[in-house]
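A.B. asks:
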Amino acid sequence: MMNSMNNVEFLNELVNSKFNVVKTEIINAEQMSFIVDSRDVHTLLTLLKTSGWKQLSYLSAIDWIKEDEFELVYIVFNWDRPVHIQVRTRIKRDRENASFETIIPIYPGAKYYEREVHEFFGIKFPGNPDFHKQLILENWDDMPPLLKDFDPRAYSDSHFEKRDYPEKHINLNNQESKQEKRQKRNLKSLLLRNGGKK
Amino acid sequence: MKKVNSIFTPWRLLKYLFKKPITIPFTKIFTQKNANYLNQNSIIKLNSRLDSEPREGADNIRGFHTNDWEECIGCGTCADICPTEAIFMAERLELPNEDGKLQQRPTIDYGRCCFCALCVDTCTTDSLKMSKEYIYSNSDPDAFLFMPTDTFEGQKVKEGYVKDEVSDLLDLKRVENPHELPEERKSSFVEIVRGYSKEFARLEAARCVECGVCTSACPVHMHIPQYIKAIWEDDIDGALRQVYETNPLPGVCGRVCTHNCETSCAIAVRGEAIAIRWLKRYIIDSAPDDMYENIILEPVSDVIDAKVAIVGSGPAGLGAAYYLRVMGYKVDVYEELSLAGGVMRYGIPAYRLPDTAIDKDINFIKHIGVNIKTNTRVGRDITMDQLEQDYDAVFLGTGFMKPRGLNIPGADHNRVVGAMEFLPKVREFERGNLSLEDIDVAENVVVIGGGDVAFDVARSATRLQMLKYGKSSVKLTSLENEDSLPATFDEYVEGAEEGVEFFCGNGPQEVVVENGKILGLKLWKCLCIFDEKGGFNPEFDKECEQIIEGEQIFIAIGQAPDYDYIPESIKDKISINRGKIEASIDGQVKDVPWLFVGGDILRGPDLIGGVSDGHRSAKAIDAYLYENAKKQDISDSLKAMREAVKESSPELTIRQGGKK
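So the sequences go chain by chain: W and U. Going by the working numbering, the first residue of the first sequence is number 2, and it counts up by one from there. Going by the working numbering, the first residue of the second sequence is number 6, and it counts up by one from there.
And the structure:
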């Protein structure tokens, strides 16, 4: 078993000597993160795979809505040198056309992860024949739900019936409701803000 | 155009009759709940199932909720944050009504819940948790809506998802409000708390979860979450209106209120309460005078031909005066001393409550037409009988301003001074009306008492000593131990910072006098203060005696009322119980219906409690006078204001002995 710090140094050397890494972060002895330009992702993943990081552990995305970008995060793992590597990259956040070339030729298992990312973020993966197929969400009919501008409350309201709360959950003990009184008072106090005018 | 379907369309559904169902029946054992359910509801009892070892949910799994009702305060923050509106606060009035708790508990609709755990992350008390149970089956859709308790389906279950420091959504640390440093402040009467800047006030306001648990603990039921939100939205104008509906002394209360709201704050369960008092002060400090014109919708005038006299211009008197004036009455306030404000003006030291803050509040009350007649003592300059003749109703809010003495040997020495004798002089010194030489403060003094007033005396004496001698020596002794002092904790901390020495848990026995000079105070260890029945009856340990040195003794063991101004003819009709006048909840005296009382003399000392008495009495006085008074045409907006005064008149809080 090799010393884990050596692994990090090894990786640092390996990646930074060959790629123009935007930012390298050593999270701890078992985790590293490389932020790279989107054009470098495939070659970097190829390098990592040939260097022993054979397992694609995860692929997900982050919606940076204010910056109008998606961040893709690939996590790969090596069973001989136990370091999780995150390969991070940013692509343009274009709701209809955001896309990124598939990595199936490097990691065939990405097939399902890419379907999941498409389902939750709407990012297309040309080269993956099935990326558009649903994987987890059954009969989803709204915008991808992990986009920051998705409104879960509105979705719930339009898709799920609101149940009337049965009496058994409410016990007023033959007293007048205090909750209603509080709500009425709060509403009035909001009107006070502009002097009672609507 | 509407598409017309063939009448055979429904037959198409027949094809599903022979299809394999999509619904996957659950026959495998996952959890104990699951096993029990199957064992109870299946006709065939499989041995493998009966003996099965159920599989436990993974660590940190977000399963069904549990909620400990003892810990839950019903703040409703979980219902507020729920992204799918799955949580509803169901009212349970059988729960005890306590300060800092609402009688409601969350009900969760698992048809909507997305198990995101935001409710757990935002829970103010940590009562709401998620268990490892994630399977539940029932053919009745209503059965998926229930109120979580500390068990799931009546069984103790293992904890699943637990929030940590990173996922906790509450900001438990108070935004610091700069204080003057002890070394600098103890040599002057400059105000200690500097007040929030806009940036800091908004940061502090952002910590509030708007649950409103505080509102019912406040004697005047201020719109606390609402004005805090207005601060966050930088709407000082709106905040000022919300404040003035329930409290005409916000600048004063923003500094010296007993802040029961903060004690009951939901954030205080796990962290530091929202600085409600300082936020209120921020509103007043940042509201320019011309903004005040907007609070009252139209200039009020005496449109009702009825006059009310108010005796005493303390919080209760001014509270009553303000609301009576807003309702359209002619109001005269009689004040014995030269400045209005009562104990605010003459009791509380300037380093806690400067004159400028009192002026700002009282000037507005004057501005709307309340007439304050200072230097006029009822009973001396004008009689009660005269008031009865000239006015339609009289409100007494004369407070507890007389020092209460201590009956121990040596207490008649002229250097044994009552708090209420000393504090008014300190304020006059601070105003420049008295010089340092006019006030007698020895180099070493002892203060008897453990309440806020005792600290006011001790800390004022420290300042005077610093100015006079350049050093301070103040000892404070109380019956209560340091951990159970009646004074607010801030007073204790700040007093200690300023060098006050504590001799708590001791009872004074004798003022040691030799050759006409005080040498010190003899103390016995106090074993207990109250007897078994809860009456005041301290017991002492004679063996544990000490004498603390000092040339002057201050007594701050409570204040007493002064009823000399009430003539015998009225005194005969009222009953006074332990210094307080007996009256109805809103202050009306039973056998003297034109007489109303409030504040200390009705309910005991509490500034904001006095304001609430004034408000209740104003409503009651209106009910008493309105029918028979001649009225001018009342405009619609004045009608609305009259209604608002009546509607916002507060109920008693639990602490004030209100309905449980």
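For every residue, glycine included, the Cβ atom is placed at its ideal position computed from N, Cα and C.
Would you please verify whether the beta carbon of Met3 (chain W) is less than 8 angstroms from any beta carbon of chain U?
C.D. replies: In this predicted model, Met3 (chain W) has a pLDDT of only 49, less than 50, meaning its place in the structure is not dependable; the value taken from the coordinates is given anyway. So no, Met3 (chain W) is outside the interface.
A.B. asks: Have a look at Phe434 (chain U) and Glu340 (chain U) and give me their C-alpha separation to the nearest angstrom.
C.D. replies: For Phe434 (chain U) and Glu340 (chain U), the distance between alpha carbons rounds to 20 angstroms.
A.B. asks: If I'm right that Gln56 (chain W) touches Val74 (chain W) with Cβ under 8 angstroms, what's the distance once you round it to whole angstroms?
C.D. replies: Not quite, the Cβ-Cβ distance comes to about 15 angstroms (not below 8 angstroms), so this is no contact.
A.B. asks: Could you tell me whether any Cβ in chain U is nearer than 8 angstroms to the Cβ of Asn172 (chain W)?
C.D. replies: For Asn172 (chain W), the answer is yes, since a Cβ of chain U falls inside 8 angstroms of its Cβ.
A.B. asks: Would you list, in chain order, the members of the segment 28-45 of chain W that have their beta-carbon closer than 7 angstroms to a beta-carbon of chain U?
C.D. replies: So nothing in the stretch comes that close.
A.B. asks: Closest to Gly521 (chain U) by CA distance: which of U:Glu537, U:Gln557 and U:Asp147 is it?
C.D. replies: The residue with the shortest Cα to Cα distance from Gly521 (chain U) is U:Gln557.
A.B. asks: Along chain U, in chain order, which residues have C-beta atoms closer than 8 angstroms to that of Gln176 (chain W)?
C.D. replies: Those within 8 angstroms of Gln176 (chain W) in chain U are Leu98.
A.B. asks: Shortest alpha-carbon distance to Ser654 (chain U) belongs to which of U:Lys476, U:Ile373 and U:Pro224?
C.D. replies: Checking every option, the nearest Cα to that of Ser654 (chain U) belongs to U:Pro224.
A.B. asks: So, with DSSP's three-state summary, where would you put Pro15 (chain U)?
C.D. replies: The answer is helix: DSSP assigns Pro15 (chain U) an H, G or I state.
A.B. asks: Please confirm whether Lys134 (chain W) has its beta-carbon closer than 8 angstroms to some beta-carbon of chain U.
C.D. replies: No, because no Cβ of chain U sits closer than 8 angstroms to the Cβ of Lys134 (chain W).
A.B. asks: Here's the rule I'm using: 16 or more other beta-carbon atoms within 10 Å means buried, otherwise exposed. How should Lys25 (chain U) be labelled?
C.D. replies: That one is exposed.
A.B. asks: Quick check on Cys670 (chain U): does DSSP put it in helix, strand or coil?
C.D. replies: Absent from the model: residue 670 (chain U). The displayed extent of chain U is 6 to 665, so no value can be given.
A.B. asks: Which bits of chain U does Pro153 (chain W) rub up against, with CB to CB less than 8 angstroms?
C.D. replies: Result: Pro88, Thr89 and Cys119.
A.B. asks: Hey, would you say Gly525 (chain U) sits closer than 8 angstroms to Glu554 (chain U), going by beta carbons?
C.D. replies: Yes, these two residues count as a Cβ contact at 8 angstroms.
A.B. asks: What whole-angstrom Cβ distance do Arg420 (chain U) and Ala459 (chain U) have, given they're in contact under 8 angstroms?
C.D. replies: Actually they are not in contact, since the Cβ atoms of Arg420 (chain U) and Ala459 (chain U) sit about 17 angstroms apart, beyond 8 angstroms.
A.B. asks: Please list, in chain order, the chain U residues whose beta carbon lies closer than 7 angstroms to that of Phe161 (chain W).
C.D. replies: The contacting residues are Gly116 and Arg117.
A.B. asks: Could you round the C-beta distance between Gly259 (chain U) and Lys285 (chain U) to whole angstroms and report it? I think they count as a contact, below 8 angstroms.
C.D. replies: Sure, about 4 angstroms apart at Cβ, within 8 angstroms.
A.B. asks: For Asn187 (chain W), decide whether its Cβ has a neighbour in chain U, counting only Cβ atoms nearer than 8 angstroms.
C.D. replies: Yes - at least one Cβ of chain U is within 8 angstroms of the one on Asn187 (chain W).
A.B. asks: By DSSP, does Leu441 (chain U) sit in helix, in strand, or in coil?
C.D. replies: Looking at Leu441 (chain U) - three-state DSSP - the assignment turns out to be helix.
A.B. asks: Using a C-beta cutoff of 8 angstroms, does Leu147 (chain W) count as contacting chain U?
C.D. replies: With 8 angstroms as the cut-off, Leu147 (chain W) does not count as an interface residue toward chain U.
A.B. asks: Would a C-beta distance cut-off of 8 angstroms place Arg246 (chain U) and Arg40 (chain W) closer than the cut-off?
C.D. replies: Not closer than 8 angstroms, so no.
A.B. asks: Would you kindly check if the distance between the Cβ of Phe122 (chain W) and the Cβ of Leu148 (chain W) is under 8 angstroms?
C.D. replies: Closer than 8 angstroms, so yes.
A.B. asks: Could you please tell me which residues of the segment 198-218 of chain U, in chain order, have their CB closer than 7 angstroms to any CB of chain W?
C.D. replies: Residues Gly217.
A.B. asks: Between the Cα of Val338 (chain U) and the Cα atoms of U:Arg464, U:Arg432, U:Asn376 and U:Tyr141, which residue gives the shortest distance?
C.D. replies: For Val338 (chain U), the nearest C-alpha among the options comes from U:Asn376.
A.B. asks: Are the C-beta of Leu73 (chain W) and some C-beta of chain U separated by less than 8 angstroms?
C.D. replies: Closer than 8 angstroms: no.
A.B. asks: Run the CB neighbour count on Gln135 (chain W), radius 10 Å, all protein chains shown included, and call it buried at 16 or more, exposed below.
C.D. replies: Exposed, since its Cβ has fewer than 16 Cβ neighbours within 10 Å.
A.B. asks: Enumerate, from N- to C-terminal direction, the unbroken alpha helix (DSSP H) stretches of 4 or more residues contained entirely within the segment 137-164 of chain U.
C.D. replies: None, since the segment 137-164 of chain U contains no complete alpha helix (DSSP H) of that length.
A.B. asks: Pull up the DSSP beta-bridge partners for Lys134 (chain U), would you.
C.D. replies: Its beta-bridge partners are U:Thr71.
A.B. asks: Is there at least one Cβ from chain W nearer than 8 angstroms to His228 (chain U)'s Cβ?
C.D. replies: So yes, His228 (chain U) belongs to the interface.
A.B. asks: Starting from the beta carbon of Pro167 (chain W), find every residue of chain U whose beta carbon is closer than 8 angstroms, and list them in chain order.
C.D. replies: Here the neighbours are Asp147 and Leu150.
A.B. asks: Using 8 angstroms as the Cβ pair cut-off and three pairs as the minimum, do the segment 157-173 of chain U and the segment 183-193 of chain W touch?
C.D. replies: No, they do not touch.
A.B. asks: Under the assumption that Pro320 (chain U) contacts Gly615 (chain U) (Cβ atoms under 8 angstroms), give the Cβ distance between them as a whole number of angstroms.
C.D. replies: Rounded, the Cβ-Cβ distance is 4 angstroms, consistent with contact.
A.B. asks: Which residue or residues does DSSP assign as beta-bridge partners of Met646 (chain U)?
C.D. replies: Per DSSP, none; premise fails for Met646 (chain U).
A.B. asks: Would you give the residue range spanned by the beta strand (DSSP E) that Thr90 (chain W) belongs to?
C.D. replies: Residues His85 to Lys93.
A.B. asks: Roughly how many angstroms separate the alpha carbons of Asp95 (chain W) and Thr103 (chain W), rounded to a whole number?
C.D. replies: Roughly 17 angstroms between the two C-alpha positions.
A.B. asks: For Arg409 (chain U) versus Gly563 (chain U), is the C-beta distance shorter than 8 angstroms?
C.D. replies: Yes, they are a contact pair.
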